[in-house]
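Converting from the sequence shown to the working numbering requires adding 40 to each position, the first position being numbered 1. Okay, so here's the structure we're looking at.
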Amino acid sequence: MTDGDAYQRRREDVAAAVWRVLDQAGFAGLSMRAVARELDATTGIVTHYFPTKRELTSFALARLSERSAFRERRAAAPGPAALRAALLDMLPLDDASRAANRIWVSSWDAALADERHAAEHAERYRASRAKVAALVADALPAASRDEERVERVTEALHSFALGMTVQAVLDPAAYPPERQTALLDALLARHLDANV
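Here is the structure:
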């Protein structure tokens, strides 16, 4: 293993510690000291790899985004089923997705106070909407697939997924996986004029 590989692996370890701190304490509890405690290291070790809290959180969120992009997804046939599967993958339906979504929701606090964080989040959500839009276009009946409808349905479904995520993260007892899925299915049926 080269020095560069070891350095990058240690940065990944620090990012994983950031995720654990964020999952447990949110952004309010994130500090260099908290990450060092999670790593069982000194703050000097953390600042060696990330001189500022902003660099630390940007790296951790970028890695979380990459992991989300490459994690295993539900398999589904093209059309409405593929759209449904992609939206289910966005929701906090199991322990792993619940933890990742808790981190995303808590990271919004930092985005409100930091223009660069806000811009990074906005770009991630634009990319996410674009993926949903492509799936919506494939899912809509050909006779009613115009640009305006694709945009309208995309906004409704993407907004639903983000809003449902917030509610399920903050009030998991009220929004268990079965309820999230049922609400999504009702919304899809209404917008697609099709069973999925």
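Backbone N, C-alpha and C fix where the C-beta goes; we use that ideal spot for every residue, glycine too.
Contact check for A76 against I85 passes: the beta carbons are separated by less than 9 Å.
Given a length threshold of 4 residues, each whole run of the alpha helix (DSSP H) inside the segment 119-160 is given here in chain order: 120-130 and 135-153. Around the beta carbon of Y47, fewer than 16 other beta carbons lie within 10 angstroms, which makes this residue exposed.
Three or more beta-carbon pairs drawn from the segment 114-126 and the segment 162-178 are found closer than 8 Å, and the two stretches are therefore classed as touching. Cβ-Cβ separation between L128 and L224: approximately 7 Å, consistent with a contact (criterion under 8 Å).
In the three-state DSSP reduction, Y215 falls in the coil class, being neither helix nor strand. Shown here for R124: same chain residues with a beta carbon closer than 8 Å to its own, the five before and five after excluded, namely A116, L224, D225, L228 and V236 in chain order. Separation of S146 and R185 (C-alpha to C-alpha, rounded to the nearest whole angstrom) is 36 Å. Note on A208: 16 or more other CB atoms within 10 angstroms of its CB, so buried under the neighbour-count rule. For F67, the closest C-alpha among the options T87, W148 and T83 is that of W148.
DSSP places S199 in the uninterrupted alpha helix (DSSP H) bounded by E187 to L210.
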